[in-house]
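So that you can map any letter, position 65 of the sequence shown is 68 in this note's numbering, and since no number is skipped, the others follow by simple counting. Virtual Cβ for every residue (Gly too), placed ideally from N, Cα, C. This structure is a prediction, so every number in the text was calculated from the model and none was measured. Structure record follows, encoded as structure tokens.
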Amino acid sequence: MALTIRFLWFCLFFTVGAGAMTLAILAEPELMNYYMSRRALQEVYAQNEQIKELTDQYIARIQLIEQEPAVLERIRVLAFNQPLEREDTVFPRGDNQRLRQKTQALFDMLEAKNNTSPPLPAWLQRCIQPNIRRALFLAGAALAMLTFIFFGSPRQVRQTEQNARRQ
């Protein structure tokens with residue numbers, strides 16, 4: 004029973020030490036690349052969804068124009084900023100400078116919203132720092148060595164093996 008408990012303690016401490024050393028070694032190249040690739044893949048999927056939505060809208064508008072030719076005249080006025088051709092009506096004009104400022108503010112807000120997502124998790128950003136990475140590796144190595152020192156083969160087993168060799 005004591006050997007089983009000793010073995011379990013050995014496995015636990017050695018696994019934690021080896022895991023800490025592995026994390027320190029693989030944090031910078033492998034895990035960082037993994038999370039950056041995952042983020043890039045999510046961005047590609049989001050862009051694909053936007054393209055699908057735009058394509059659906061485009062197809063719907065083409066169908067609307069084919070069904071109602073008068074819609075094309077209204078779109079021409081909006082898209083090309085051409086004035087309506089009605090003699091008895093005066094249409095108000097918007098301030099182009101103010102419109103440009105509002106549009107730029109909207110684009111700036113959308114761009115800031117897209118850039119807010121962190122590329123790496125917080126725990127990985129901490130592990131990548133050189134001093135923490137070095138400390139993590141040394142702590143893992145020390146724990147693995149101490150595990151072998153304190154939970155290595157028990158003295159009774161060593162003495163039994165020495166007695167067996169003497170005989």
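With C-beta atoms as the reference, is residue i less than 8 Å away from residue j?
i, j, result
"L123", "Y48", "no"
"I131", "M35", "yes"
"L146", "V19", "yes"
Locate the alpha helix (DSSP H) running through residue i, then write down its first and last residues.
i, result
"D59", "M35 to Q70"
"P133", "P133 to F154"
"M24", "A5 to L29"
Please look up how many angstroms separate the CB atoms of residue i and residue j, rounded, as I've assumed it's under 8 Å.
i, j, result
"A30", "L127", "7 Å"
"L75", "I68", "5 Å"
Among the residues of its own chain, which have a CB less than 6 Å from the CB of residue i, if the five just before and after it don't count?
i, result
"F151", "none"
"W12", "F154"
Output needed for residue i: all residues of its chain with C-beta closer than 7 Å, excluding positions within five of it in sequence on either side, in chain order.
i, result
"A27", "R136, L139, F140 and G143"
Is there a Cβ from chain B that is less than 8 Å from the Cβ of residue i?
i, result
"L127", "The chain inventory of the structure shown lacks chain B, comprising one protein chain alone."
When the Cα of residue i is compared with those of the options, which residue comes out closest?
i, options, result
"P133", "P32, F153 and I54", "P32"
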